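My numbering puts the first residue of the sequence shown at 94, with every later residue one more than the last. Note that the Cβ used here is the ideal one computed from N, Cα and C, for glycine as well. Just so we're clear, the structure is a prediction, and the values are computed from it rather than from any experiment.
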Amino acid sequence: MLAKPAPENQTPGAIRSHPVKVFPKWNWLLVLLPVWLLISGGLGAQSELSNLRDTLLPVVFPGQLVDTLTVAPGSLQLFSRLGVPVDPADYTLTGRYLAWNVTPDALPDSILRARYRVLPFTLGERARFLDSTQLIREEAGLVIGSYDDYVRPNLLGNDGKVRTNGSFTRGISVGNRQDLVLNSAFNLQLDGELGNGIEVSAAITDESLPIQPEGTTQQLREFDKIFIQLRKNRTQLTAGDYELRNPEGYFLRYYKKLEGATFSTEIGTPTLAREANPGAAAGAEEVGRAVDAELQTKDFRLKTSSSVAIARGQFTRQQITPIEGNQGPYKLTGTGSQRFLIVLAGTERIFLDGNLLVRGLDGDYVIDYNLAELTFTTRRLITRDSRITAEYEFADQRYVRTLATASSHFDAERFSAYVNGYTQQDSRTATGDLELTSLQRQRLSEAGDLAEGIPIFSLDTLGGRSEIRATYELRDTSYACGAETRDTFYLLASSTGTYVATFTDRGPNGGEYELDPDRPANERVYRFVGSDAETCLPNGSFAPLIDLVAPGQQQLISAGGAYYLKGGGSISMEASATKLDLNRFSDVDSEDDNGSALRLDYQKDFQIGSDSLAWSLATRGHFEYVGKTFNPINPYRSPEFFRNWNLSNRLGTVQPERRVERIAGGGLGLVRADLGRLDYDYEQFSRGANYLGRRHVGSTQILTAGWRVAGKFNYLESEEDGAEGSFRQPSLAVTKVFDRWGGWSLTGSYAGERALRQEMAVDTLSPFSFQFDKYAVGIETPTNEKYRLALGANRREDKLPLGSELAGSTSATEVSAEGNYQANEHVQLGGNVTYRSLDVLNDELVDDTQSSTFLGRLDLRVNALQRSLRAQTTYQVGSGQEPRVDFQYLFVGAGQGQYIWQDSLYNNDGRIQPNEMEISPFPDIADYVRVSVFTNDFIRTDNVSLNQSVNWDPSRIWREATGVKKFFRRFSANTSVLIDRKTRDDPDIDSWNPLQLGVPDSSLTALNLRQRHGLFFNRANPVYDVQLSRNDQRRRQVLTTGYEAIRNEDWTLRARVRPNDQLSIEAALENGRRTADSEFFNNKDYRIDRLAIEPSLNWQPGKVSVVSRLTLATEENTLAAGQGERTNRVEMSVEGNFNQWLTTSFRWVEIDLEGDARSPVGFALLQGLQPGRNLLWNVGATRELNDYLQLTVSYDGRQTGEAAVVHVGRVVVQARF
C-alpha cells in the first residue's frame, strides 16, 4: 500500500489587501528544521516527510495509478518479488499513471515491488497565480445585497464552492395527427464542498436511451446513470448507480452493478505497512493469498463498509467452444441457454488459455452488450485448441433482486482480522410480463430446488395490438406412436387466429414445432411438425413452452485473520459459510442449502547468510476444505483449475460434479536477487472418496549475463472411480539478449501437455485424454522510439485417444509478425499479421478439415510535404461468422419512433410483415421502433476491411509558388473510403482484396461501403469556387428471409460565385442512382435514376440571411422488371434567419407522377409527398430568458396533395447549470 502523501500546497482562493507578516514564519522554520532532521534520520526512507516510496504494487491491466501524487520522471523502478528488475520497455509512465505495454503473462509476478520518488504536487493539475473570478473586494459602508459581475450566475444558487456543469431539457410536441409527446434530457455534474468539510461529487444523466455503450473501447460511457458521492474526512456515502467490488478475502468474489447506497468509514492510521515476503505468492497454482507487505507500526486501522441496493444482473461463467480460424462473433447464452440476452456493460472478464484479455479495437476483443456477442480482434487468433472462458453479468428481470453487504477490516502491528457478509434474494413476486398464478405458485412449492425451471404452456388469448403478433388457431389431431394412436392438439398459424404463444428452443427432438420461413411476420411463425411414428420423439426443436423459474436466495459470510511473523512472513486463516436456496417457495430439498469452507496459509522467509545478495529460503504451506454444498457468490478459483487437475477435457468445457474437496500443499523456494529462484511445490487434492490427485511442481527462473531462463514442470497422478490418470505439463523458455546487436533478443521455447485417463478394467483411454507438443522460436528488437519488430514461428502437434494409445490427430504451423515503424515525424507504420496452417492427420479423431487462416492488421499514417499530404489507412483481414438478422417492430406512438407501417402499399391484410415497414419521411408520424432479434443461424465468412482517408492541399507547400504551380495550388482533393466485406468461401474471390466488389450474390454475405471523393478548385476562396464530388454508399445484410441490399450513388458538380459581401450565388448539377434489392420481397426492388439541377441565392444583409432555392429533378425506375415509374419534380424554397433567434422556411413542391402512388416504388419516389402540389412550412424562435434559461418554440405545417393540413407544435425549455 502507498505511504501517506504529503499534503499538497493550496492555491489561495482570494486576494486580500491585508499586510502579511513573513518574518515570524521564518523564525518558526529555523526552530523546526533541526527537529525535522532528527526525526527524518530516525524514520528512514519511508517517512511520510520523504518523497521516496518503496512499496508493493499489485498489477492491474491494462494500467493503474501508482500514487496519489505525480511520480518523478525517471525515478520508477519495478522488481519482481525475487528482486529481478522489470524491463522499462514493458511499461510507460505518464504522471502518476502506469500503462502496461505487455500482456499479463509476460510479467514475472502478479505483485511487483516499486521504488520511486514523488513530487509534492500534481503536474497535470491546473495552476494559477490569480483567479479573477474569486476577487474579494473591501466592503465600504452599508451594503444591501451583493452583485459581482465577475461571477457567472448559477441556477442552483450555490456560493461558488460547488462547481456545476450540465443542463436540463424538457420539451413537448403536439399536433393534429399525433398525441402529446413529452421528451426530456438531464445532464448534471457536481463537484465541490457543501460546507462543514463535506465534499460532494455527482454525475446524473438521463437521456432516455434504452441501450448500452458499445464494447469497442477500454473505457465505457454509460448514457443513463445517477451517481452521488458525499465525503467527509475518511467517511464516504455513495448512492445511485454504481459498481461494487468484493472486499479483502479468499472465498468472497463479486463485481456488481447496483442501484442503491454504500457507506464506508475508516479510523486509525490511514496507511499501515509491513515487511515484504518474496515467497508469498509462489506455489503450484501461483494464486496464493498475498498479504499486505508494509512497514511495521504500533498504530491500528479499522475500516467498515455496508451496502443496500438492487442488483441489476446475474452472474454466470460460460465455456465457449471455439471454431478453427473463427474470430466470432460468439454468442453468450447466460445460465440457461437464453436466446435473448443483454450483458451489463463493463462486467465481463474474458479469458483465453487462462489469460485475462483487454477489451477494445486496439485490444484483444470487442463485445456487443445488447446482442451479447463476443468478437476477437486480430491480436488473438482463435483456433480449435483455444480455451475461451467468459464471465459476465446479464440482465435478469424475472424477479427484483435485492442485495446487502457488510464488511469490517482491522489492522494492527502483528495482527489483522476481517469479517465479510453478503446476501442477495429475489422477491417472491414475479416482474415483467409473467404474473404468477396460485397454481403456478403451488407447482413451485412442490418442485423443490430448480436449476432450469418448470416448463409451462405459454398459450394465451390475444390482447393488445393484433397486427404486431403472430396468431394461431387451436386444432386437434391424432398421430401414430408405435402401435398406439394418440390424440393431441396443436397450433396452426392463421391471420384470423385468436391465440398467441411464446416458443422456446428445447434442442433437437425437444419440440413438435419448427420455424416457418415461408410465413414472414412481425415475429417468428412456427409450424407443427409432429412426432416420429416409430420412436415417438418430437420431430422439431421448438415448443410453446416457457420455463417458470423460482425466486432464489444466496448468502455468504466469511471471517479471517493473519498473524505477521517477525522478519517477514505470516499465518493466515479464513472460514466461510454459505446458503443457497434455489426455490424460496419450497422447503423441499432444503437440506443441501448450507455449506462451509476453510482456508489456511503459512508463509515465511529465511535469510541464508548476511550478504544482501545472499540466498534466501522461502517456505509456504496451505490447506483448503470446501464442503459439497458450499456455493460461493462468484467463482474464486481460476477457470483452468479443474483442467489442471485432469478433471476436465482438453478445452476445459466439462465441469465435474460437486464433492467434498480438500487441498493440502507446501513448497520451498531458493531465491537470490541477482540470479533468480528455484521452487518446488507439492499438493494433494481429494474429492470425497471418488478422486485423489498428487501433484509435483518444479519451476525455475534465471536471469544472468543476458540470459533469461524460465522453466516449469507439472506432474500429476490421480485416481478416480476405478480409473487412473496422469497429467504432465512441461514448459521451458530461453531468451538471449545480444548487447552487441543493440539489444536484439532470441527466444526458443517448448510447451506441452499429456493427459491420460484409463479405466482399470478396460484397456482403452478415456475421451478426456489428449497430448500436444508446441515448439516456438522468436526474435525481437529492443523497443525504441523509431521501430519495434517481433517475429515468431511455432509448430504444434496434437494427439487424441484411439483405443489404448494416443494417435496423431492434427498438426499446425503458425508464423507471426508484429511491430511498428516511425521513419520520422511524418510517417508511422504499425501492425500485426498471423498465418496458420492446420493439417488433419486422422479424420476419425477430429471433425475439422485441412484449412489455412490468415489474420492481420495494418495501420499507416502519413503527414508529409508540410502537411499538404495527410493520409490514414487501416486494413484488416481475417475470418469469422455472420448471424442471420431478424427484426421485430414495436408500436411506441406517433412522434416517438423511426418507422411507419405501410400495409396499404402491399397486401392490406392488417398484419405486419417486415417488408411493410418504411423509414418515416416525417418525424411526427413515426410510430414504430425496430429491435434486433437473435438467431442461432450463423454463416462462416472471410472478412476484410479497409478504412482510408487522404487529403491533398498543395497550397501548403506551394504558398509562394509562381507560374504553373501557382495555378495548380488552387486545386485540392480529399477522399475517404470505408469497406467492410464478408464473403463465403469461394476460390474465385480474393479474400484479402477489399476492392473486389463485384462478388456474386451467392457468395456475398454482408457489405458496408461508404466512399466519398471530392475535387476542389479555389476551395474556401471568398469570391468563387468549384467542387466535383462522388458519393457511393452500399449496405447488404443477411436476414432470416434472405439478403437485403441498398445502394445510393451520385455525381455532383457545384459552383459558387460571390459578387459582393451580401450576395452569394450557387448552382449544383446532380446525377445519381438509388438501388434496392430484396431476395424474398421482390416488390421492393427498384433502380431509380435521378437527374437534378439546383440553383440557389443567398442574401445576407447584416444580421438577416435569406436563402432561396429552385430544384428541377426527374427520377425514373429503370429496373428491367419494374413498371417504368417516373416523377418530374419542381421545388421552390425560401429560408430565413433573423438576428440568430428567429428562423422560417417555406417549400412548394410540384410532383408529376407516372405510375402507382400506392406502391413500394411510388413511396420511394414520392418520399412522403403526394402527386400534385405539396406545401411545407416552418417557424422557429429561440430566446435566452436569462443567463441560464433558454426557450425554443417551433411550428411545422404541411399539406401534401389533397390531404388535410398537418400541424405540429413544439416547445423546449433548457436550463443550464
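Coil, strand or helix - alanine 1257 by DSSP: Working through the sequence shown from its first residue, we reach residue 1257 at position 1164. Correct three-state label for alanine 1257: helix.
task: Could you tell me which residues DSSP puts in a beta bridge with histidine 919?
output: Taking the first residue of the sequence shown as position 1, residue 919 is located at position 826. For histidine 919, DSSP assigns no beta-bridge partner whatsoever.
- prompt: Buried or exposed: where does proline 631 fall if 16 or more other Cβ atoms within 10 Å of its Cβ makes it buried?
  reply: To locate residue 631, count along the sequence shown from 1; it is residue 538. Result: buried.
field: Complete beta strand (DSSP E) runs within the region 905 to 977 (minimum length 3 residues, chain order)
entry: 920 to 933, 944 to 957 and 962 to 976
- prompt: The beta strand (DSSP E) with glutamine 991 in it runs from where to where?
  reply: For the purposes of this step, residue 991 is taken as the residue at position 898 of the sequence shown. Taken as a continuous stretch (DSSP letters only), glutamine 991 belongs to no beta strand (DSSP E), as it is neither H nor E.
field: aspartate 569 - DSSP class collapsed to helix/strand/coil
entry: Start at 1 with the first residue of the sequence shown, and residue 569 comes out as number 476. Here aspartate 569 sits in strand by DSSP.
- prompt: What number of angstroms, rounded off, separates the C-alpha of valine 1272 from the C-alpha of glutamate 1011?
  reply: Looking up residue 1272 in the sequence shown gives position 1179. Looking up residue 1011 in the sequence shown gives position 918. Rounded to the nearest angstrom, the two C-alpha atoms are 27 Å apart.
- prompt: Which residues bound the alpha helix (DSSP H) around arginine 736?
  reply: Counted from its first residue, the sequence shown places residue 736 at position 643. Arginine 736 -> alpha helix (DSSP H) spans 734 to 737.
Straight-line gap, phenylalanine 344 to serine 819 (C-alpha atoms, nearest Å): In the sequence shown, counting from the first residue as 1, residue 344 sits at position 251. In the sequence shown, counting from the first residue as 1, residue 819 sits at position 726. Roughly 29 Å between the two C-alpha positions.
query: Using the C-alpha atoms, what's the distance from aspartate 519 back to serine 357?
result: Residue numbering aside, residue 357 sits at position 264 when the sequence shown is read from its first letter. Residue numbering aside, residue 519 sits at position 426 when the sequence shown is read from its first letter. Rounded to the nearest angstrom, the two C-alpha atoms are 25 Å apart.
query: In the DSSP assignment, what are the bridge partners of lysine 892?
result: On the sequence shown, position 799 is the one that residue 892 refers to. Lysine 892 is bridged to Gln864 and Gly901.
Host beta strand (DSSP E) of glutamine 851 (start-end): Taking the first residue of the sequence shown as 1, we reach residue 851 at position 758. Element bounds for glutamine 851: 837 to 852.
- request: May I ask which residues mark the beginning and end of the beta strand (DSSP E) holding arginine 208?
  value: As a position in the sequence shown, residue 208 is number 115, starting the count at 1. Taken as a continuous stretch (DSSP letters only), the beta strand (DSSP E) holding arginine 208 covers 204 to 210.
query: Exposed or buried, what is asparagine 1279 when buried is set at 16 or more other beta-carbons lying within 10 Å of its beta-carbon?
result: Walking along the sequence shown from the start, residue 1279 turns up at place 1186. So asparagine 1279 counts as exposed.
- request: Please determine if the region 395 to 415 and the region 491 to 509 are in contact, where contact requires at least 3 C-beta pairs separated by less than 8 Å.
  value: yes
message: Here's a check: name, in chain order, each residue in its chain whose Cβ is nearer than 6 Å to the Cβ of asparagine 1124, leaving out the five neighbours to either side.
response: Here residue 1124 refers to the residue found at position 1031 of the sequence shown. Answer for asparagine 1124: Arg1105 and Asp1143, listed in chain order.
task: Tell me whether tryptophan 1192 sits in a helix, a strand or coil according to DSSP, three-state version.
output: Start at 1 with the first residue of the sequence shown, and residue 1192 comes out as number 1099. Tryptophan 1192: strand per DSSP, three-state reduction.
- prompt: If you compare alpha carbons, which of Leu938, Leu922, Gly924 and Gln943 is closest to aspartate 932?
  reply: Within the sequence shown, the letter at position 839 stands for residue 932. For aspartate 932, the nearest C-alpha among the options comes from Gln943.
field: Bounding residues of the alpha helix (DSSP H) (the contiguous stretch that carries glutamine 822)
entry: For this step, residue 822 is matched to residue 729 along the sequence shown. Per DSSP, glutamine 822 belongs to no alpha helix (DSSP H); it is in the beta strand (DSSP E), 816 to 831.
field: Cβ distance (whole Å) where serine 669 is taken to contact alanine 690 below 8 Å
entry: Residue numbering aside, residue 669 sits at position 576 when the sequence shown is read from its first letter. Residue numbering aside, residue 690 sits at position 597 when the sequence shown is read from its first letter. Contact holds; Cβ gap of about 5 Å.
message: Helix, strand or coil, according to DSSP, for valine 622 in the structure here?
response: Mapped onto the sequence shown, residue 622 falls at position 529. Looking at valine 622 - three-state DSSP - the assignment turns out to be coil, as it is neither helix nor strand.
query: Where aspartate 455 and lysine 672 are concerned, what is the direct C-alpha to C-alpha distance, given to the nearest angstrom?
result: Numbered from 1 along the sequence shown, position 362 holds the residue referred to as residue 455. Numbered from 1 along the sequence shown, position 579 holds the residue referred to as residue 672. Their backbone Cα atoms lie some 42 Å apart in a straight line.
- prompt: Which residues in the same chain as aspartate 682 place their Cβ atom closer than 7 Å to its Cβ, once the five residues preceding and following it in sequence are excluded?
  reply: Position 589 of the sequence shown, counting from 1, holds the residue named residue 682. Correct list, in chain order: Gly541 and Asp542.
field: Beta carbon of glycine 633 nearer than 7 Å to that of tyrosine 606
entry: For the purposes of this step, residue 633 is taken as residue 540 along the sequence shown, with counting starting at 1. For the purposes of this step, residue 606 is taken as residue 513 along the sequence shown, with counting starting at 1. Contact: yes.
task: Give the straight-line distance between the Cα atoms of isoleucine 1139 and arginine 1128, rounded to the nearest whole angstrom.
output: The residue given as residue 1139 occupies position 1046 in the sequence shown. The residue given as residue 1128 occupies position 1035 in the sequence shown. Taking the straight line joining both Cα atoms gives about 6 Å.
- prompt: So the beta strand (DSSP E) glutamine 411 belongs to, where does it begin and stop?
  reply: Taking the sequence shown and counting its residues from 1, the one referred to as residue 411 is at position 318. 407 to 413 is the extent of the beta strand (DSSP E) around glutamine 411.
field: Touch test, the region 483 to 490 against the region 621 to 629, Cβ-Cβ under 8 Å, three pairs minimum
entry: no
- prompt: Considering serine 260, what are the terminal residues of the beta strand (DSSP E) in which it resides?
  reply: Residue mapping note: residue 260 aligns to position 167 of the sequence shown, counting from 1. Segment 255 to 268, the beta strand (DSSP E) holding serine 260.
message: Looking only at its chain, what residues have a beta carbon closer than 6 Å to the beta carbon of asparagine 687, apart from the 5 residues adjacent to it on each side?
response: As a working mapping, residue 687 is identified with position 594 in the sequence shown. Result list for asparagine 687: Lys672, in chain order.
- prompt: In the DSSP assignment, what residue or residues form a beta bridge with tyrosine 322?
  reply: Position 229 of the sequence shown, counted from the first residue, corresponds to residue 322. According to the sequence as given, residue 322 is glutamine; it is not tyrosine. Note: glutamine 322 sits in a beta bridge opposite Ser294 and Thr331.
message: Below 6 Å, is the gap between the Cβ of threonine 1220 and the nearest heavy atom of the ligand FAD?
response: In the structure on display, the ligand FAD does not appear, and there are no ligands present to speak of.
- prompt: Within the chosen definition, does the region 1022 to 1030 reach the region 1040 to 1049 through at least 3 CB pairs nearer than 8 Å?
  reply: Contact fails: fewer than three Cβ-Cβ distances are below 8 Å.
message: With a threshold of 7 Å on Cβ separation, who are the neighbours of isoleucine 132 within its own chain once the five nearest residues in sequence on each side are excluded?
response: Counting from 1 along the sequence shown, the entry for residue 132 is found at position 39. At isoleucine 132 the pLDDT is 32, less than 50, meaning the model places this residue with poor confidence; the figure from the coordinates comes in the next sentence. Taken in chain order, the list of residues that qualify is empty.
message: Excluding the 5 residues flanking asparagine 887 on each side, which residues of the same chain have their C-beta closer than 7 Å to its C-beta?
response: Start at 1 with the first residue of the sequence shown, and residue 887 comes out as number 794. Contacts found: Lys867, Tyr868, Ala869 and Glu907.
- prompt: How long is the line joining the alpha carbons of proline 637 and tyrosine 462, rounded to whole angstroms?
  reply: Within the sequence shown, residue 637 is the residue found at index 544, counting from 1. Within the sequence shown, residue 462 is the residue found at index 369, counting from 1. For the pair proline 637 and tyrosine 462, the Cα-to-Cα distance works out to about 28 Å.
message: Distance check for phenylalanine 806 and isoleucine 701, CA to CA, integer angstroms please.
response: For this step, residue 701 is matched to residue 608 along the sequence shown. For this step, residue 806 is matched to residue 713 along the sequence shown. Distance between the alpha carbons of isoleucine 701 and phenylalanine 806: 26 Å.
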